[in-house]
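Enquirer:
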Amino acid sequence: MAASGMEDERLSGEVRREEEDDDVPQLSAAAMEALREFLAEQQRPEEKDEEGREGGVELVAEDWRLSQFWYDERTARALVEEVVRLVSPSVSGSAAGAVACIACPTLYAYLKKTDPGVPAQLLEYDERFGQYGGDFTFYDYNRPEELPPAMKHAYRVVVADPPYLSKECLEKVAKTVSFLAQPEGSFLLMLTGEVQKDRALELLNVHPCGFRPQHSNKLGNEFRLFTNYDPADRLGGWDLGAK
Ligand SMILES: C[S@@+](CC[C@H](N)C(=O)[O-])C[C@H]1O[C@@H](n2cnc3c(N)ncnc32)[C@H](O)[C@@H]1O
Numbered sequence: 551m552a553a554s555g556m557e558d559e560r561l562s563g564e565v566r567r568e569e570e571d572d573d574v575p576q577l578s579a580a581a582m583e584a585l586r587e588f589l590a591e592q593q594r595p596e597e598k599d600e601e602g603r604e605g606g607v608e609l610v611a612e613d614w615r616l617s618q619f620w621y622d623e624r625t626a627r628a629l630v631e632e633v634v635r636l637v638s639p640s641v642s643g644s645a646a647g648a649v650a651c652i653a654c655p656t657l658y659a660y661l662k663k664t665d666p667g668v669p670a671q672l673l674e675y676d677e678r679f680g681q682y683g684g685d686f687t688f689y690d691y692n693r694p695e696e697l698p699p700a701m702k703h704a705y706r707v708v709v710a711d712p713p714y715l716s717k718e719c720l721e722k723v724a725k726t727v728s729f730l731a732q733p734e735g736s737f738l739l740m741l742t743g744e745v746q747k748d749r750a751l752e753l754l755n756v757h758p759c760g761f762r763p764q765h766s767n768k769l770g771n772e773f774r775l776f777t778n779y780d781p782a783d784r785l786g787g788w789d790l791g792a793k
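By this note's numbering, the letter at position 49 of the sequence shown is numbered 599, and the numbering carries on one by one without gaps.
(1) Would you report the Cα separation of D783 and E744, rounded to the nearest angstrom?
(2) Which value, in whole angstroms, describes the spacing of the CA atoms of V607 and A659?
(3) Roughly how many whole angstroms lie between the Cα atoms of D780 and L741?
(4) Shorter than 6 Å, the distance from the beta carbon of A731 to the closest heavy atom of ligand 1, or not?
(5) Assign R774 to one of three DSSP states: helix, strand, or coil.
(6) In angstroms, rounded to a whole number, what distance separates the CA positions of L751 and H757?
(7) Output yes or no for whether 7 Å exceeds the beta carbon distance between A653 and D613.
(8) Along the chain, where does the beta strand (DSSP E) that runs through E674 open and close?
(9) Skipping 5 residues on each side, what residues in its chain have a beta carbon closer than 8 Å to that of L739?
(10) In the DSSP assignment, find the alpha helix (DSSP H) that holds C651 and state where it starts and stops.
(11) Distance, Cα to Cα, P713 vs R635?
(12) Could you have a look at P699 and say whether DSSP puts it in helix, strand or coil?
(13) From Y682 to P733, what does the alpha carbon distance come to, in whole angstroms?
(14) Take Q618 as the anchor and find which of M701, F686, T656 and Q671 has the nearest alpha-carbon.
(15) Is it true that the CB of L730 sits closer than 7 Å to the CB of A650?
(16) Considering Cα atoms alone, identify which of D622, C759, G786 and G735 is closest to A648.
(17) According to the neighbour-count rule (16 or more other Cβ atoms, all chains shown, within 10 Å of its Cβ), is P698 buried or exposed?
(18) Just grab the DSSP bridge partners of T742 for me.
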């Protein structure tokens, strides 16, 4: 992304030129303002506590070229509550379990803000998340098992939000899930479009829950949370009647 000064100069230069030439179509003041806001948004870290709520986390700005759509706060908090419960020794066994967050940086950020002691690893393609130090692992779904050997079968809870709605992407992410999950069984939470329902069942034995994940910027397609266990009275339980 170009530096904001350059963009501003380019924009104001265009406005000046447009003012000098009445024949050239001009952006309305409102459209210009919207464009400026969009460019500024792309260049500053996003502050999710804009409503003054305590516990909001800072995220980098969404990059739509990487299919980045961040959960809204309610969604992130509901997922964190579930994950924290699943890794607790009472559910996970004597030792607290670890969490793998595949391509879901918002979940990772809220988890660490809520309960910094939970061992969690973020697998992400966007190197801006290198800010999380040793908790960040570069991950490209096209190379689903090109991961450090120490991560193999090491996670009690795996959460995944694949970047694309294609069959190919889900198949590859499913390989990563198998790589990370414990052979004796792990809790899997998969967030993806409802259109993936049949494939997700076939590949990962997951069912949709009643809980509806939402994003800060509304998405056009129906989005679901799928799990490989029935959360019963949490997250709306399994919605087995879903079409
Ligand atoms: C649909 S978003 C999920 C983000 C989630 N809703 C959140 O708020 O944390 C998909 C994620 O996949 C990542 N991504 C993009 N290209 C990828 C690739 N080739 N391999 C793995 N992850 C990728 C993006 O950076 C993005 O964080």
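Glycine included, each C-beta is placed from N, C-alpha and C at the ideal position.
Expert: On the basis of the data shown:
(1) For the purposes of this step, residue 783 is identified with residue 233 of the sequence shown, where counting begins at 1. For the purposes of this step, residue 744 is identified with residue 194 of the sequence shown, where counting begins at 1. The alpha-carbon atoms of D783 and E744 are separated by roughly 21 Å.
(2) Translated into positions along the sequence shown, residue 607 becomes position 57. Translated into positions along the sequence shown, residue 659 becomes position 109. C-alpha separation (whole angstroms): 7 Å.
(3) One-based indexing of the sequence shown puts residue 780 at position 230. One-based indexing of the sequence shown puts residue 741 at position 191. Taking the straight line joining both Cα atoms gives about 15 Å.
(4) Taking the first residue of the sequence shown as position 1, residue 731 is located at position 181. Outside the cutoff, so no.
(5) Translated into the one-based positions of the sequence shown, residue 774 becomes position 224. Strand, per DSSP.
(6) Residue 751 sits at position 201 when you count from the first residue of the sequence shown. Residue 757 sits at position 207 when you count from the first residue of the sequence shown. In a straight line, the C-alpha of L751 is about 6 Å away from that of H757.
(7) The residue labelled residue 653 in the question sits at position 103 within the sequence shown. The residue labelled residue 613 in the question sits at position 63 within the sequence shown. For A653 and D613, no; Cβs fall outside 7 Å.
(8) Position 124 of the sequence shown, counted from the first residue, corresponds to residue 674. Element bounds for E674: A670 to E674.
(9) For the purposes of this step, residue 739 is identified with residue 189 of the sequence shown, where counting begins at 1. Cβ within range, chain order: L629, E632, V633, V707, V708, V709, A710, L775, F776 and T777.
(10) Looking up residue 651 in the sequence shown gives position 101. First-last for C651: V649 to I652, but that is the beta strand (DSSP E), not the alpha helix (DSSP H).
(11) As a position in the sequence shown, residue 713 is number 163, starting the count at 1. As a position in the sequence shown, residue 635 is number 85, starting the count at 1. Each residue's alpha carbon lies about 26 Å from the other.
(12) Numbered from 1 along the sequence shown, position 149 holds the residue referred to as residue 699. Three-state DSSP puts P699 in a helix.
(13) Here residue 682 is taken as the residue at index 132 of the sequence shown, counted from 1. Here residue 733 is taken as the residue at index 183 of the sequence shown, counted from 1. About 28 Å.
(14) Residue 618 sits at position 68 when you count from the first residue of the sequence shown. Selected option, being the one with the closest Cα: T656.
(15) Sequence index remark: in the sequence shown, residue 650 carries index 100 (1-based). Sequence index remark: in the sequence shown, residue 730 carries index 180 (1-based). Contact flag set, yes.
(16) Mapped onto the sequence shown, residue 648 falls at position 98. Checking every option, the nearest Cα to that of A648 belongs to G735.
(17) Taking the first residue of the sequence shown as 1, we reach residue 698 at position 148. Exposed, since its Cβ has fewer than 16 Cβ neighbours within 10 Å.
(18) As a first step, residue 742 must be located in the sequence shown, where it is residue number 192. Bridge partners of T742: R774.
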